[in-house]
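Numbering of the sequence shown is given in the numbering used here, commencing with residue 1486 and proceeding in unit increments.
We put the beta carbon where it would ideally sit given N, CA and C, even for glycine.
A quick note: this is a predicted structure, and the numbers were derived from the prediction, not measured.
Notes follow once the structure below has been shown.
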Amino acid sequence: MIKMNVKYSLISILFIGNLAAQTINIGELSVAPNTQLSTLFDFDNKPNGDVLNDGNFYVYANFKNDGLVTFTDLGNGKTFFLGNKTQLIEGSQISHFQNIEFNNTSSLMPFHLSTVISVNNLAEYKFGVIDADSYDGKMIFEEKAFHSDASNLSFVDGEVENIGNLNFEFPVGDNLYFRPSYHDKAANTTNVYTTQYFLDSTGVLHPYTSKEDTILSIDEVEYWNITQDQGSEKIVLTLTLDTNTTPLAFFFQENSLTELAIVRWDTSTSKWINEKGVTTDLLAGANYSKMVTTQVSGYGIFTIAIVKKTNITPDSDVVIYNAISPNGDGINDKFVIKGIDKYPDNRVEIYNRWGVKVFDADSYNENDNMFKGYSDGRTTVDRSVGLPAGTYFYILKYKKGNETINKTGYLYISNDK
């Protein structure tokens, strides 16, 4: 066993020993910017140990934190989990990482997470599934944190928490399948949501026969548990379908009578309710096959269902033209909602296929306050070239007397010249 009792501002150490060796920190360990620290053996940060990583910390074995693991604003520290055997990530205290990379090819599920880890900036999923479900672990993405490269090869099998109000893809899955959910940008930076995906039935606790009349068939083999731990907003949620997990019947349901929707178990009525939704096919190269997007009315257990297509008699005062071609020829260049001028107390929101809001406006009208096929600047889309052609999702809300009317549906953008 090799023990460390160090207080350094700059350290680059490679610990080498026999198979029983450990790297133990019982002091202050600081990894400065542009500095590397590697441990080939189990790393154990004791209760009185402080680790500040502003450089690169390479962990090739187990990692345990009972003290303080964090970073400063001096650098862009990154911790690499790169073992060649199963790696336990454990400890009684939260480990705070600025950046983290998972890349262990020893097995398909090499990371066993039995503690809480937090990411402040970027998490990279290169290879290896993080098993948090079996070990009661959790991964937290702080405000403005994001991730890359999540796929069937690497994701979190367990709970993922997100703090903040930015668009976020939850990198969750189960049984070696990546099955993310998406939350749209919200208003409150203190929002906290937790998501976990299950490739399993929840029918014992949430009977599939207890449902609203509009719900015809529910996906009984998978579901997402989404909780709102802090906040009060109702998010725009996108769930994914995958031919590896989702029953094939849900890929051939759309006709004049039926459509796909997101459904949620409502605890107050003890039944599945229809949250509705708009379905889009995915771009080539995606890790899943379809997406369904809707604004939810609550939280809890969600899945996909086949529902009766809503055939509501349209409001003769308001007619929505759901296709635009913003090519400058003066024909269908704008998203027209005929009659909306009669109801100035209104709001329009438009989302892309990923559930990312690309436009919103209050007091939408038929003259100057209209969607013209360009992002309003809240996303990374280049406004100078406009939004790409494809299917989008709109939400229209307007006051008509004492009633609030809600309409949702497709909007297709064609950029043909």
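- Counting of Cβ neighbours within 10 angstroms places Glu1888 among the exposed residues, the total staying below 16.
- In the three-state reduction of the DSSP assignment, Phe1626 falls in the strand class, which pools E and B.
- DSSP, read as helix, strand or coil, puts Ile1825 in helix.
- If you ignore the 5 residues before and after Asn1550, its C-beta comes within less than 6 Å of the C-beta of Asn1530, Gly1576, Gln1578 and Ser1580, all in its own chain and listed in chain order.
- Where Leu1573 is concerned, the enclosing beta strand (DSSP E) starts and stops at Gln1572 to Glu1575.
- In this structure, DSSP gives Leu1733 a helical state, which the three-state scheme calls helix.
- Minimum Cα-Cα distance from Ile1816 among the listed residues Thr1520, Trp1709, Asn1900 and Ile1720 corresponds to Asn1900.
- CA-CA distance, Leu1661 to Ser1591, rounds to 15 Å.
- Gly1813 sits in coil when the DSSP states are folded into three classes, being neither helix nor strand.
- DSSP places Ile1791 in the uninterrupted beta strand (DSSP E) bounded by Gly1785 to Lys1793.
- Annotated as proximal: Tyr1682 and Arg1664, with beta-carbon spacing under 7 Å.
- A contact is defined here as three or more CB-CB pairs under 8 Å, and the stretch 1869-1886 meets this definition with respect to the stretch 1829-1848.
- For Gly1562, the three-state secondary structure derived from DSSP is coil.
- Annotation: Asp1685 to Asp1704 spans about 10 Å, alpha carbon to alpha carbon.
- Beta-bridge partners assigned by DSSP to Lys1885: Glu1888.
- By the criterion of a C-beta distance shorter than 7 Å, Thr1687 is surrounded in its chain by Tyr1708 and Ile1786, once the five residues flanking it on both sides are discounted.
- With fewer than 16 other Cβ atoms from the protein chains shown falling within 10 Å of its own Cβ, Val1804 counts as exposed.
- The DSSP assignment places 1596-1598, 1601-1612, 1623-1626, 1631-1633 and 1644-1648 as complete runs of the beta strand (DSSP E) inside the stretch 1588-1649, in order along the chain (cut-off: 3 residues).
- In the structure shown, Ala1506 falls within a coil segment according to DSSP collapsed to helix, strand and coil.
- When Lys1570, Leu1896 and Gly1824 are compared, the shortest CA-CA separation from Thr1778 is found for Leu1896.
- Within 10 angstroms of the beta-carbon of Tyr1849 lie 16 or more other beta-carbons, which makes it buried.
- Thr1679 is positioned such that its CB atom lies closer than 7 Å to that of Glu1646.
- Within the same chain, and ignoring the five residues on either side of Thr1674 in sequence, the residues whose Cβ sits closer than 7 Å to its Cβ are Glu1628, Gly1649 and Asn1650.
- Excluding the 5 residues flanking it on each side, Gly1613 has same chain C-beta neighbours closer than 6 Å at Phe1587, Asn1589, Pro1595, Phe1596 and Ser1639, in chain order.
- For Asp1669 against Ile1602, the beta-carbon gap comes to about 25 Å, at or over 8 Å, which does not count as contact.
- Judged by beta-carbon spacing, Thr1765 lies within the 7 Å limit of Thr1876, meaning their Cβ atoms are closer than that value.
- Within the DSSP secondary-structure output, Val1544 pairs in a beta bridge with Thr1524 and Phe1566.
- The secondary-structure analysis by DSSP pairs Met1776 across a beta bridge with Thr1725 and Thr1765.
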